[in-house]
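Written below as structure tokens is the structure these notes are about.
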Amino acid sequence: MSSLELPVTHKGNVPVSATGPCRPLATRWISVLTLATLLLAWWLVTAAGWIEPLFLPSPGDILAKGWTLLTQGYMDASLWQHLGASLGRIGLALGAAILTAIPVGIAIGYNRVARGILDPLIEFYRPIPPLAYLPLIVIWCGIGELSKVLLIYLAIFAPIAIATATGVRTVDSAKLRAAQSLGASRAQLIRHVILPSALPDILTGVRIGLGVGWSTLVAAELIAATSGLGFMVQSAAQFLVTDVVVLGILLIALIAFALEMGLRALQRKLVPWHGQNH
Amino acid sequence: MALLELERISAQYPGVATPVLADINLSLGPRQLVVALGPSGSGKTSLLNLIAGFVAPSTGRITLDGQPVTGPGADRGVVFQDDALLPWQDVLGNVAFGLELAGMPRAQRERTAREMLALVDLSGFADRRIWQLSGGQRQRVGLARALAADPRVLLMDEPFGALDAFTREQMQELLLKVWQRTAKPIFLITHDIEEAVFLASELVLLAPNPGRIVERLQLDFGQRYAAGESARAIKSDPGFIETREHVLARVFSQRNAARRQESA
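Residue numbers (our numbering), protein chains in the order written: chain V, 1 to 278; chain X, 279 to 542.
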């Protein structure tokens, strides 16, 4: 719950109908109304011809264009292929980042020497915008898939490693001692106590990392790519195909939103104890 | 023959002049329930941490069955004040945790865990999540978890300190029942005088600065409860009241002595 408003409880025998005049609008419906209003305004200004389609095509045109892109494609590739290229890159980078950043984060949080070695390295490269070191990666690795995946991987790696290290360092020492007094070895401590304790932080790190990674991916595709959503938007812009540009931007936003919502659902499922009074 | 033996134990935090504990001699034999009672700062928790192996003494020797204690281990079960249960496991998983660490197959460890839950009157709670339990229930799960690993001795760090008065009395009676049935030697620390007098077969009174033992009492109220006498009858027994007042007087005289020392 992001809202601080408490649900009103009615006591006594006064019947209160669900559609009573004082009942406040649910937060979700306020959001839905806002979006609907925006959409309506968009439709209105385009349908009335107040804005040239070159600058802002109508919602109907965008939908029609979407259908065309799905069936015929754009720039030698269908919309699915562009989507698949982008999602494949981020999926690959995310998988690699999760596999490497979590062990690194555990090492930083658990071991003094590992912290001394790795912490400054991560803190040094983390604040650099990925696009600033993209040229260097291109010089080293060329303009192929490797450069793009590597760039996204680096963008995702730092948030996950840092969040994992924080989670490991804030493990309740009583739980560690409890496991030790039950005979847990070092490896068992990590597997049964430290990793589950840090899981909420790790998932938050993945959420942040995925957000950063997605923006980096699109930016990288704007610069050097022959497929992907970023490339589609970029090349459409060069030919002033505004409806494809708008469609691409909307798709990029929608996917980011879906990723975030999916991860939140995953977090609720994997760590139901998080936020419980324990 | 004592199981657990502490010989001339001292403990000191780095950079602090006064030791936390000085020259502690203590033994815990079979069927004993030793209670360490003392005000805060008397080193009660440090003493328990030393026995559990979480910290090492600066001088002295701790042995269990003749073997020196070098670190934490499954031979000394610990029940914590803050239950320290694992919220990602259900109640049964928590109780079976020690056996899981020891590599026992699932069916076998869950059978043992269910027996332990029955012992602490939580039979119907095996599938509950930890956050669905009350404070008293959590402490019972903590007790069952420590017992399931079948330790040689049981160490309890102010286990009922955070509970309300009513639940605390229930838990004391449950502990005596469990102590009677399992015959485990127990070392318990508390700052509650009535709890100490009621539970202890040997009561060790600690004084602060530095933490040291100032009195040892052999008591039998816990055994009388375990033998079937009612808790109310014992607690209103003149002998019980007299002992409680005696211990109270000792604690207060300690405090006054400490004040005089400070003002001098």
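The C-beta atom is built at its ideal place from N, Cα and C for all residues, glycine as well. Quick caveat, the model's predicted, so the values are computed rather than measured.
Mind checking Phe358(X): buried by the 16 CB within 10 Å criterion, or exposed?
Working through the second sequence from its first residue, we reach residue 358(X) at position 80. Looking at its Cβ environment, which holds 16 or more other Cβ atoms inside 10 Å, Phe358(X) is buried.
Give me, in chain order, the residues of the same chain whose beta-carbon lies closer than 8 Å to that of Leu39(V); leave out the 5 immediate sequence neighbours on both sides.
As a first step, residue 39(V) must be located in the first sequence, where it is residue number 39. Here the set comprises Pro59.
Only counting the same chain, and skipping five residues up and downstream in sequence, which positions put a Cβ closer than 8 Å to that of Leu70(V)?
Residue mapping note: residue 70(V) aligns to position 70 of the first sequence, counting from 1. For Leu70(V), where only same-chain residues beyond five positions count, the Cβ hits under 8 Å are Ser78, Leu79, Trp80.
Identify the residues that DSSP records as bridge partners of Asp435(X): which are they?
As a position in the second sequence, residue 435(X) is number 157, starting the count at 1. Note: Asp435(X) sits in a beta bridge opposite Ile467(X).
Please list, in chain order, all residues of the same chain as Ala236(V) whose beta carbon is under 6 Å from its beta carbon, the five residues on each side excluded.
Here residue 236(V) refers to the residue found at position 236 of the first sequence. Within the same chain, Ala236(V) has close Cβ partners Val244, Val245.
Leu397(X) and Arg354(X): beta carbons closer than 8 Å?
As a first step, residue 397(X) is located in the second sequence; it is residue number 119 there, counting from the start. As a first step, residue 354(X) is located in the second sequence; it is residue number 76 there, counting from the start. Taking 8 Å as the Cβ cut-off, Leu397(X) and Arg354(X) do not qualify as a contacting pair.
Which of the residues in the segment 361 to 382 of chain X, read from start to end, lie with their CB under 7 Å from any CB of chain V?
Listed by position along the chain: Ala362, Leu364, Pro365, Trp366, Phe375, Gly376, Leu379, Ala380.
Please classify Thr337(X): is it buried, with 16 or more other beta-carbons within 10 angstroms of its beta-carbon, or exposed?
The residue labelled residue 337(X) in the question sits at position 59 within the second sequence. Thr337(X) is exposed by the Cβ-count criterion.
Which partner residues does Ser305(X) have in the DSSP bridge list?
Within the second sequence, the letter at position 27 stands for residue 305(X). Paired residue(s): Glu283(X).
Just to make sure I have the definition right: I need the residues of chain X whose C-beta is within less than 7 Å of the C-beta of Leu182(V). Which are they?
To locate residue 182(V), count along the first sequence from 1; it is residue 182. Correct list: Ala352, Phe375, Gly376, Leu379, Ala427.
Pull out every residue of the segment 187 to 208 of chain V whose Cβ sits closer than 9 Å to any Cβ of chain X, in chain order.
Listed by position along the chain: Gln188, His192, Val193, Pro196, Ser197, Leu199.
Would you identify the three-state DSSP class for Glu507(X), choosing helix, strand or coil?
On the second sequence, residue 507(X) is found 229 positions in, with the first residue counted as 1. Reduced to three states, the DSSP call for Glu507(X) is coil.
When you compare the CB positions of Lys322(X) and Ala314(X), do they come within less than 8 Å of one another, or not?
By one-based count along the second sequence, residue 322(X) stands at place 44. By one-based count along the second sequence, residue 314(X) stands at place 36. Against a cut-off of 8 Å, the Cβ pair of Ala314(X) and Lys322(X) comes out as a contact.
What is the DSSP secondary structure of Glu52(V), counted as helix, strand or coil?
By 1-based counting over the first sequence, the position of residue 52(V) is 52. Looking at Glu52(V) - three-state DSSP - the assignment turns out to be coil, as it is neither helix nor strand.
Return the chain-ordered list of same chain residues with a C-beta closer than 6 Å to the C-beta of Gly230(V), the five sequence neighbours on each side being excluded.
Sequence index remark: in the first sequence, residue 230(V) carries index 230 (1-based). For Gly230(V), where only same-chain residues beyond five positions count, the Cβ hits under 6 Å are Val218, Glu221, Leu222.
Touch check for the segment 256 to 265 of chain V and the segment 200 to 207 of chain V: three-plus C-beta pairs under 8 Å?
Counting Cβ pairs under 8 Å, three or more are found: they touch.
What are the residues that DSSP puts in a beta bridge with His496(X)?
Taking the first residue of the second sequence as 1, we reach residue 496(X) at position 218. Checking the sequence, you will find Gln at residue 496(X) rather than His. In the DSSP output, where bridge partners are listed per residue, Gln496(X) has Glu480(X).
How big is the Cα-Cα spacing for Ile117(V) and Ala107(V)?
In the first sequence, counting from the first residue as 1, residue 117(V) sits at position 117. In the first sequence, counting from the first residue as 1, residue 107(V) sits at position 107. Going by the C-alpha atoms only, they are around 10 Å apart.
Just confirm the distance between the C-beta atoms of Ala178(V) and Ala362(X), as a whole number of angstroms; I'd bet it's less than 8 Å.
Residue numbering aside, residue 178(V) sits at position 178 when the first sequence is read from its first letter. Residue numbering aside, residue 362(X) sits at position 84 when the second sequence is read from its first letter. Yes, Ala178(V) and Ala362(X) are in contact; Cβ-Cβ is about 4 Å, under 8 Å.
Express the C-alpha separation of Gln532(X) and Ala295(X) in angstroms, rounding to a whole number.
Your numbering for residue 295(X) matches position 17 in the second sequence. Your numbering for residue 532(X) matches position 254 in the second sequence. Going by the C-alpha atoms only, they are around 21 Å apart.
Out of Trp273(V), Gly275(V), Ile255(V), Leu251(V), which one is the CA nearest neighbour of Lys65(V)?
Position 65 of the first sequence holds residue 65(V). For the residues Trp273(V), Gly275(V), Ile255(V), Leu251(V), the minimum Cα distance to Lys65(V) belongs to Leu251(V).
In the segment 446 to 476 of chain X, which residues sit with their C-beta less than 8 Å from some C-beta in chain A, listed in chain order?
No chain A appears in this structure, whose protein chains are V and X.
Kindly identify the DSSP beta-bridge partner or partners of Asp368(X).
Here residue 368(X) refers to the residue found at position 90 of the second sequence. Beta-bridge pairing links Asp368(X) to Arg407(X).
When the Cα atoms are used, what is the spatial distance from Leu154(V) to Ser215(V)?
Within the first sequence, the letter at position 154 stands for residue 154(V). Within the first sequence, the letter at position 215 stands for residue 215(V). Each residue's alpha carbon lies about 13 Å from the other.
Using a beta-carbon distance below 8 Å, is Lys175(V) in contact with chain X?
Taking the first sequence and counting its residues from 1, one reaches residue 175(V) at position 175. Yes, contact with chain X.
How many Å lie between Pro129(V) and Ile156(V) at the Cα?
For the purposes of this step, residue 129(V) is identified with residue 129 of the first sequence, where counting begins at 1. For the purposes of this step, residue 156(V) is identified with residue 156 of the first sequence, where counting begins at 1. One C-alpha to the other measures close to 12 Å.
Ordered along the chain, which non-local residues of its own chain (more than five positions away) have a Cβ less than 6 Å from that of Leu454(X)?
Counting from 1 along the second sequence, the entry for residue 454(X) is found at position 176. For Leu454(X), where only same-chain residues beyond five positions count, the Cβ hits under 6 Å are Gly500, Tyr503, Ala504.
Whose C-beta lies closer than 8 Å to the C-beta of Leu189(V) among residues of the same chain, with five residues either side of it excluded?
Reading the first sequence from its first residue, position 189 is the one you call residue 189(V). Only Leu176, Ala179, Gln180 meet the Cβ criterion.
Of the residues Ile102(V), Val149(V), Pro53(V), Arg115(V), which one's Cα is nearest the Cα of Gly213(V)?
By one-based count along the first sequence, residue 213(V) stands at place 213. If we check each option's Cα against that of Gly213(V), Val149(V) comes out closest.
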